[in-house]
Amino acid sequence: MVNKAGAKLRAQLADPDRIIVCPGVQDGLSARVCLQQGFENLYMTGAGTAVSLLGMPDLGLTTADDMVRNAAIIAGLDRTVPVIADADTGFGGPVMVARSVERYILAGVAGLHIEDQVTTKRCGHLQGKELVDADVFASRIRATVAARKRLDDDIVIIARTDALQSRGLDEALARLRAAVAAGADVVFLEGMTTADEMEQVVQRMVPTPCLLNMVAGGVTPLVDAQEAKRMGYKIVIWPLFALTSTYLALQKTAQELKSTGAIKDRLGPDGKTVAGGVREIFQLCGLSECAEFDKEMSGKAFTDGV
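The numbering of the sequence shown is the working numbering, which starts it at 584 and goes up by one.
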């Protein structure tokens, strides 16, 4: 076993009373905040990676290097918390898909999803998505399974289809069934537009676990974890929740700096310490732990404090 994250995610999926709720994180800071709040799973958002890392829209502009590097950073913060990562289309043909999956495994990722868009893909909640043929999609899943077997890992393989928008529900479900036959563990239908579609997917894909994607401002109706569980979903991801909040906070604070020439301190609950101040952020990211580790190893870097 390269890592135990996949095995832990599988155990969570096997628990009949559990629904896995994953906040979408785009970088180390957003991951740290979600870990601080006690989330037991994380989701590395591909759209968030494109926007945060590149400052570009989710139009297939991120490379395998971009995505794997970000996944490794997030998964490495706490190896006890399984991370599900967006792997887009696998970034090429079967050889490239397998190589990409192996890199995700070595990064410590617990699960990933591969989709059936063309390589120049786009966010699943945009219009005009183009798909590869069903047999190409199945070959991507087979390559993913082969990579997992080669590294003797337990990474959870999630098959995503974007076929609903242009091909309809029946073909989308047929693609997901073919992906399961090829070795996928979980299925993910992107772009559902009604609650009826959301419920049908779970009912018609039994016994395969289903993933639900909740995108603020997207085309799928938003439901809470309790309702998603009632529908029968096993995993719910909220890929842009942190990105949306980050954008709004940055916008508001940038406007304040631009208009006033300064940023006022925001005091925390105690009315004294600065909320979101530099030291608080460093502490969140492990300042004290780093200093203590240095001391335990007989280091001298922090003997005068930090």
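C-beta: ideal position from N, C-alpha, C; glycine also.
The distance from the Cβ of residue 700 to that of residue 745 is about 5 Å, consistent with a contact at the 8 Å cut-off. Note on the stretch 823-865: there is no whole beta strand (DSSP E) run with a minimum of 3 residues. Bounds of any beta strand (DSSP E) do not take in residue 765, whose DSSP letter is neither H nor E. The straight-line gap separating the alpha-carbon atoms of residue 686 and residue 651 is approximately 7 Å. Contact between the stretch 721-732 and the stretch 671-680 is present, with at least three C-beta pairs closer than 8 Å. Counting C-beta pairs closer than 8 Å gives fewer than three between the stretch 836-847 and the stretch 809-816, which falls short of the contact rule. Taking the CA atoms as reference points, residue 696 sits about 28 Å from residue 868. Between residue 818 and the set 589, 595, 616, the nearest pair of CA atoms involves 595. In this chain, the beta strand (DSSP E) harbouring residue 743 covers 739-744. Judged by DSSP in its simplified three-state form, residue 633 adopts helix. The shortest CA-to-CA distance from residue 800 to any of 827, 786, 785 is the one to 827. If you draw a straight line from the Cα of residue 689 to the Cα of residue 654, it comes to about 10 Å. Separation of residue 784 and residue 742 (C-alpha to C-alpha, rounded to the nearest whole angstrom) is 13 Å. Shown here, residue 627 sits in a strand according to DSSP, grouped into three states. Distance from the CA atom of residue 648 to the CA atom of residue 636, rounded to whole angstroms, is 12 Å. Contact annotation, residue 692 with residue 738: C-beta distance approximately 6 Å; criterion of less than 8 Å satisfied.
With contacts defined as CB atoms closer than 9 Å, residue 626 and residue 667 qualify as a contacting pair. Judged by DSSP in its simplified three-state form, residue 697 adopts strand. Residue pairing by DSSP puts residue 667 in a beta bridge opposite 626, 694. If you ignore the 5 residues before and after residue 776, its C-beta comes within less than 6 Å of the C-beta of 802, all in its own chain and listed in chain order.
A direct Cα-Cα distance of roughly 26 Å separates residue 662 from residue 679. Here residue 606 carries a strand assignment [DSSP, helix/strand/coil]. Residue range 611-619 is occupied by the alpha helix (DSSP H) that includes residue 617, with no beta strand (DSSP E) assigned at that position. When only Cα atoms are considered, residue 618 and residue 591 end up about 17 Å apart. Comparing alpha carbon positions, the residue from 766, 778, 787, 767 closest to residue 756 is 787. Leaving aside the five residues that flank residue 605 on each side, the residues in its chain whose CB is nearer than 8 Å to its CB run, in chain order, 622, 624, 625, 626, 667, 818, 819, 820, 821. Close CB contacts of residue 643 within its chain, under the 6 Å cut and outside five residues either way in sequence, are with 703, 704 (chain order).
Cβ-Cβ separation between residue 706 and residue 630: approximately 5 Å, consistent with a contact (criterion under 8 Å).
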